[in-house]
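Trainee: Before I ask anything, here is the structure I am working with.
Residue numbers (our numbering), protein chains in the order written: chain R, 20 to 521; chain B, 6 to 618.
Here it is in structure tokens:
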């Protein structure tokens, strides 16, 4: 078997981690340099996936299939389609940015940090490219370990509580998901005679409707809902974010949360269409609650990072709302919103991290009047805030607008409630911005803050470029997803129809 | 091909955009201050020229040219769902001329007005101005609801940035956020409306929608709700009751900004939108009735608040709210053309009023009309302002007279007697409160604390005179060649009498002291008390924000911390305890284990039987 591009992209960071492990630990800068180079190389390697991707084809591209554990029915099956492509690119794009943001923030155990981050990247990419349930589960669990260390080792004062909470929470979900995967494997085997974990094979089989499907759906859905996080399974998130180092928060918000929404899209919808349809109103309602709830809780947070963390609950609510409209607009919007959230919230965390590095505080009350001191930071921060509150012309609007287009076709009352989330986002974000940036300078300690360094410019500008690009010309990005989304919707519909006939 | 309409329209749109990009991205240029201003002014001047050229073509040519599409913004389901393009017709080009003209003059004026501003700050100011010009033109030229909404939000952003331009003033920062939030409240309706419109009609394009409306193929079910929601956007942007409360606070921004954004152009976007989408609004008479009543009510309410205000800019702001009410009332009464005509003339003379007020503020360093006065000897200061005041009051032959009379005629013709009475009363008050300002600020005896700083920068004076000339020219043109609106013969006389009555009362009260303003205020105590407190509306919104939103948010935050998360912590504590208890089951006695196994097997059997059947 020849090694394909997807495999190269997925395992390049892991190989880099091995290389970093062989380097001497005392030269921290070189360790970070090598780590960053590997991450950048991975990004470069993932670009052919983007440019070589044929937007007209709905199916899996760059597919690789190899024997792995034939007795189990588990194969090494990877590839990308229009749904995973954007997320793979988002991962390879954000990882070098996260590494670069940690240049001065992480001084302790640098070597381990770089290794952990690179292993984490492989884990995340694996989740997005895996097309075999067993393989998917391996990556899903594998990525948990490095994230645990990122929070638990390089985190803040209360890091152990946060890390344990994060892991336990996720584990509850994944334990149930494992049971559901095994049940699916057994049922599929019993029904068709082929015992396999291969996702496309299983997806072709129409699972009989009934309590079996419902239970499996719920097990998968719970695992993913915790990851998203969908209200009321979100309370691990603020703790994890507040304690995690900036780089960890960027990855956590930018990529890890997307695994939950991706899971719904990749597994729940195509495998359990009737259960998805049956539970859609519930998920829909929880998503809307998340939008409002996240916004309200954000409003009163005194800590910048906690505010951004709760805003994620609201943003991911929009994503879930889009996905469970089961309309083209809603799904495309939800998918684009996943990327948007990765960019906007990632950038927010980066910038909060930058002022934290300068002032060692994240309390809103400790700032005020920063524009006079650090105008460049303030201007870029404004763009990021505006992107997060979905100002038209920037990326967030495209996603939210498409989601609303989908939502209004499904339920007007809930869609109206979701729309009101837009004003609450404007309230908590602009109020925060006003208290941090506007007004007179209130604290002497802020008078001598340094404006953005070249390294920080280099970290932020790429993100801003995409924030504007998606806002102005979203078709560059939506074009590659539409065929796959349409195929997915067709699959859900036809399966639901088959089940209805029976 | 530069002469073709769409291409030239794109040039109009592109010039300020290019200027904004240059100022935003080229740091040395932006920090050069006056040079940045030069770039922005050149761009908008050229855009004005191009817009004039287009306007001449658009008015001379057949009614409406079909909009041209530049690129597909959101493609979906084969054909593009939302496109970006320009719509060139008389409406959009007239508006584009107004926008570019006032922008150009205001930017020019700002060079002198903001002369003490540090260079980097001035560069930022002009960057915002270029962005505003681009956004406003994008709104005006929009061929679809989506594009209009996108630029609609962008002008809202510019308004936010320019109100909060002096960011270190807490009042400015607060006013900026207030403006953004209150208009956004209306925009929620707007966005919900266009999304629902798309769900029912399948398009955002004006051209297609108008075709469907004319052909009767537009689904009318739920259309009233949709158009009402879309109208809410205009309520926020065009400061209609009860969302008008942001506009007076917006006066925290620099005065030229108030002239451009909060008087002449951005706030009229709501009226423009209703005019643009009138073929659709025309299908829902119920909504139009509401539009007319709310407009007329807003006009009178704001006029009453202007009567007791002592801040010159706030008087003008209330007057803007009031005049926007007139325009909306006309649109609601089925006379969008009259509404738009008033929009244009109002844009010119209201910009002049603000810029003239800017000159006075420049002289006195205060906004308080009671601390001004003694300007009789400075005709360069008062003549343009008084001309514009006469125009606003509706004195023949200035343009305000014609367009206001046309509005009254339109409202009456539509059978809206109630709104007509409100508007007529408003016309009287308008003349009164404007001349109150004139007599207090210009002709009252000079005060002791007066600076004696009697120099008016040439540039500022020149801009004011230009606008004054334009005001007179607009009025004379209508007086001489304008087609006369079919109206009852008594209407012009009533309109004139109301205006002169208001002027006369102001003269008598503030020049002669008969009746004494204090006595009048005491006689109208409850009304005056309410008007000074803005009828409690600001308080109501503030209370809703503080005791509604913030209290709710605090409560939800508490629930999240102690209930949602608390349940989990309790669960995990139970798990630990449970583990501890379960440990005691392991007694180490073999019999206990055998009993346990037997019991378990029995349970499984029962369960299996039950599941089988």
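Beta carbons are placed, not taken as given, at the ideal position from N, Cα and C, and that holds for glycine.
#1: First and last residue of the alpha helix (DSSP H) that includes residue 591 of chain B?
#2: Throw me the rounded Cβ distance for the residue 392 of chain B and residue 477 of chain B pair, which I believe falls under 8 Å.
#3: Could you check where the alpha helix (DSSP H) with residue 145 of chain R kicks off and where it finishes?
#4: Just to confirm, is the Cβ distance from residue 445 of chain R to residue 425 of chain B under 8 Å?
#5: Could you tell me the distance, in whole angstroms, from the CA atom of residue 68 of chain B to the CA atom of residue 479 of chain B?
#6: Could you please tell me which residues of the region 250-274 of chain R, in chain order, have their CB closer than 7 Å to any CB of chain B?
#7: For the beta strand (DSSP E) containing residue 347 of chain B, name the first residue and the last one.
#8: Less than 8 Å separating the beta-carbons of residue 316 of chain R and residue 329 of chain R?
#9: Please state the DSSP three-state secondary structure of residue 68 of chain B.
#10: Under a CB-based cut-off of 8 Å, is residue 6 of chain B close to chain R?
#11: Does residue 577 of chain B come out as helix, strand or coil in the three-state DSSP assignment?
#12: Identify, in the order they occur along the chain, each residue of the same chain with its Cβ nearer than 7 Å to the Cβ of residue 293 of chain B, setting aside the five sequence neighbours on each side.
#13: The alpha helix (DSSP H) with residue 312 of chain R in it runs from where to where?
#14: What does the Cβ neighbour count give for residue 123 of chain R, buried or exposed, with the cut at 16 atoms within 10 Å?
#15: Using alpha carbons as the reference points, say which of B:522, B:352, B:252 lies closest to residue 511 of chain B.
#16: According to DSSP, what are the bridge partners of residue 96 of chain R?
#17: Give the C-beta separation of residue 393 of chain R and residue 342 of chain R to the nearest angstrom, bearing in mind that I take them to be a contact with Cβ-Cβ under 8 Å.
#18: Are the CB atoms of residue 111 of chain B and residue 261 of chain B within a distance shorter than 8 Å?
#19: Any Cβ of chain R within less than 8 Å of the Cβ of residue 195 of chain B?
#20: Under a CB-based cut-off of 8 Å, is residue 158 of chain B close to chain R?
#21: What's the call for residue 419 of chain R, buried or exposed, on a 16-neighbour Cβ count within 10 Å?
#22: What does the Cβ neighbour count give for residue 4 of chain B, buried or exposed, with the cut at 16 atoms within 10 Å?
#23: Terminal residues of the continuous alpha helix (DSSP H) containing residue 492 of chain R?
#24: So is residue 484 of chain R buried or exposed if we call it buried at 16+ other beta carbons inside 10 Å?
#25: Reducing DSSP to helix, strand and coil, say where residue 450 of chain R ends up.
#26: Would the beta-carbon of residue 465 of chain R fall within 8 Å of that of residue 386 of chain R?
#27: Does DSSP put residue 521 of chain B in a helix, a strand or coil?
#28: I want to verify the contact list: residues of chain B whose CB lies under 7 Å from the CB of residue 427 of chain R, in sequence order.
#29: In this structure, does DSSP put residue 382 of chain R in helix, strand or coil?
#30: In whole angstroms, what separates the C-alpha of residue 142 of chain R from that of residue 252 of chain B?
#31: Using the Cα positions of residue 286 of chain R and residue 577 of chain B, report the straight-line distance between them to the nearest angstrom.
#32: What did DSSP end up calling residue 88 of chain B once you bin it into helix, strand or coil?
#33: Using only the alpha-carbon positions, how far apart do residue 11 of chain B and residue 100 of chain B sit?
#34: How would you list, in chain order, the residues of chain R whose beta-carbon sits under 9 Å from the beta-carbon of residue 78 of chain B?
#35: List, in chain order, every chain R residue whose beta-carbon is nearer than 8 Å to that of residue 559 of chain B.
#36: Would you call the region 351-358 of chain R and the region 285-301 of chain R in contact, with 3 or more CB pairs under 8 Å?
Mentor: Looking at the coordinates:
#1: Residue numbering aside, residue 591 of chain B sits at position 586 when the second chain is read from its first letter. Premise fails: residue 591 of chain B is in no alpha helix (DSSP H) and is neither H nor E.
#2: Here the question's residue 392 of chain B lines up with position 387 in the second chain. Here the question's residue 477 of chain B lines up with position 472 in the second chain. So it is a contact: roughly 7 Å between Cβ atoms.
#3: As a working mapping, residue 145 of chain R is identified with position 126 in the first chain. Per DSSP, residue 145 of chain R is one residue of the alpha helix (DSSP H) stretching across 129-148.
#4: Along the first chain, one-based indexing puts residue 445 of chain R at 426. Along the second chain, one-based indexing puts residue 425 of chain B at 420. Not a contact, by the Cβ cut-off of 8 Å.
#5: The residue you call residue 68 of chain B lines up with position 63 of the second chain. The residue you call residue 479 of chain B lines up with position 474 of the second chain. At residue 68 of chain B, the pLDDT of 47 sits below 50, so the modelled position is not reliable; the number obtained from the coordinates is stated separately. Using only the alpha carbons, I get a separation of about 23 Å.
#6: Correct list: 251, 254.
#7: Against the second chain, residue 347 of chain B aligns to sequence position 342. It is not in any beta strand (DSSP E) - residue 347 of chain B instead sits in the alpha helix (DSSP H) that spans 341-369.
#8: Locating residue 316 of chain R in the first chain gives position 297, where the first residue counts as 1. Locating residue 329 of chain R in the first chain gives position 310, where the first residue counts as 1. It is a contact, given that the beta carbons lie within the stated cut-off.
#9: The residue you call residue 68 of chain B lines up with position 63 of the second chain. Residue placement at residue 68 of chain B cannot be trusted, given a pLDDT of 47 that sits under 50; the coordinates are not used to answer.
#10: Locating residue 6 of chain B in the second chain gives position 1, counting from the first residue. Legend: pLDDT at residue 6 of chain B = 30, less than 50; position of this residue unreliable, value from coordinates given subsequently. Not a single C-beta of chain R is nearer than 8 Å to the C-beta of residue 6 of chain B.
#11: Start at 1 with the first residue of the second chain, and residue 577 of chain B comes out as number 572. The answer is helix: DSSP assigns residue 577 of chain B an H, G or I state.
#12: Along the second chain, read from residue 1 onward, the residue named residue 293 of chain B stands at position 288. Cβ neighbours of residue 293 of chain B beyond the five flanking positions: 286, 337, 339.
#13: Here the question's residue 312 of chain R lines up with position 293 in the first chain. First-last of the alpha helix (DSSP H) with residue 312 of chain R: 292-318.
#14: Position 104 of the first chain holds residue 123 of chain R. In summary, residue 123 of chain R is exposed, with fewer than 16 beta-carbon neighbours lying within 10 Å of its beta-carbon over all protein chains present.
#15: One-based indexing of the second chain puts residue 511 of chain B at position 506. Across the set B:522, B:352, B:252, the C-alpha of B:522 shows the shortest separation from the C-alpha of residue 511 of chain B.
#16: Reading the first chain from its first residue, position 77 is the one you call residue 96 of chain R. Looking at the DSSP assignment, residue 96 of chain R forms a beta bridge with R:84.
#17: Start at 1 with the first residue of the first chain, and residue 393 of chain R comes out as number 374. Start at 1 with the first residue of the first chain, and residue 342 of chain R comes out as number 323. In this structure residue 393 of chain R does not touch residue 342 of chain R by the C-beta definition: roughly 39 Å separates them, more than the 8 Å allowed.
#18: As a working mapping, residue 261 of chain B is identified with position 256 in the second chain. As a working mapping, residue 111 of chain B is identified with position 106 in the second chain. Yes, Cβ-Cβ distance for residue 261 of chain B and residue 111 of chain B is below 8 Å.
#19: Here residue 195 of chain B refers to the residue found at position 190 of the second chain. No, residue 195 of chain B lies away from the interface with chain R (no Cβ there is under 8 Å from its Cβ).
#20: Stepping through the second chain from its first residue, residue 158 of chain B is reached at position 153. Yes, residue 158 of chain B counts as interfacial toward chain R.
#21: By 1-based counting over the first chain, the position of residue 419 of chain R is 400. Around the Cβ of residue 419 of chain R, a 10 Å sphere holds 16 or more other Cβ atoms; the residue is buried.
#22: Past the edges of chain B, shown from 6 to 618, lies residue 4 of chain B, and the structure says nothing about it.
#23: The sequence position of residue 492 of chain R within the first chain is 473, counting from 1. For residue 492 of chain R, there is no enclosing alpha helix (DSSP H), as DSSP marks it with neither H nor E.
#24: For the purposes of this step, residue 484 of chain R is taken as the residue at position 465 of the first chain. Classification for residue 484 of chain R: exposed.
#25: In the first chain, the residue the question calls residue 450 of chain R occupies position 431. DSSP, reduced to helix, strand and coil, places residue 450 of chain R within a helical segment of the structure shown.
#26: As a working note, residue 465 of chain R is residue 446 in the first chain. As a working note, residue 386 of chain R is residue 367 in the first chain. Yes, Cβ-Cβ distance for residue 465 of chain R and residue 386 of chain R is below 8 Å.
#27: If you number the second chain from 1, residue 521 of chain B lands on position 516. Of the three classes helix, strand and coil, the one that applies to residue 521 of chain B here is coil, per DSSP.
#28: Taking the first chain and counting its residues from 1, the one referred to as residue 427 of chain R is at position 408. Residues of chain B passing the Cβ test: 200, 201, 204.
#29: Position 363 of the first chain, counted from the start, is the residue given in the question as residue 382 of chain R. In the structure shown, residue 382 of chain R sits in a strand (DSSP, three-state: E or B).
#30: Locating residue 142 of chain R in the first chain gives position 123, counting from the first residue. Locating residue 252 of chain B in the second chain gives position 247, counting from the first residue. Cα-Cα distance, rounded: 53 Å.
#31: In the first chain, the residue the question calls residue 286 of chain R occupies position 267. In the second chain, the residue the question calls residue 577 of chain B occupies position 572. Taking the straight line from one Cα to the other gives about 29 Å.
#32: Here residue 88 of chain B refers to the residue found at position 83 when the second chain is read from its first residue. Note: residue 88 of chain B maps to strand in three-state DSSP.
#33: As a first step, residue 11 of chain B must be located in the second chain, where it is residue number 6. As a first step, residue 100 of chain B must be located in the second chain, where it is residue number 95. Approximately 16 Å, taken between the alpha carbons.
#34: Within the second chain, numbered from 1, the residue matching residue 78 of chain B stands at position 73. Per Cβ cutoff of 9 Å: 417, 491, 492, 493, 494.
#35: The residue you call residue 559 of chain B lines up with position 554 of the second chain. Contact annotation for residue 559 of chain B against chain R: 319 [CB-CB distance below 8 Å, chain order].
#36: Taking 8 Å as the limit for Cβ pairs, the verdict is that the region 285-301 of chain R does not touch the region 351-358 of chain R.
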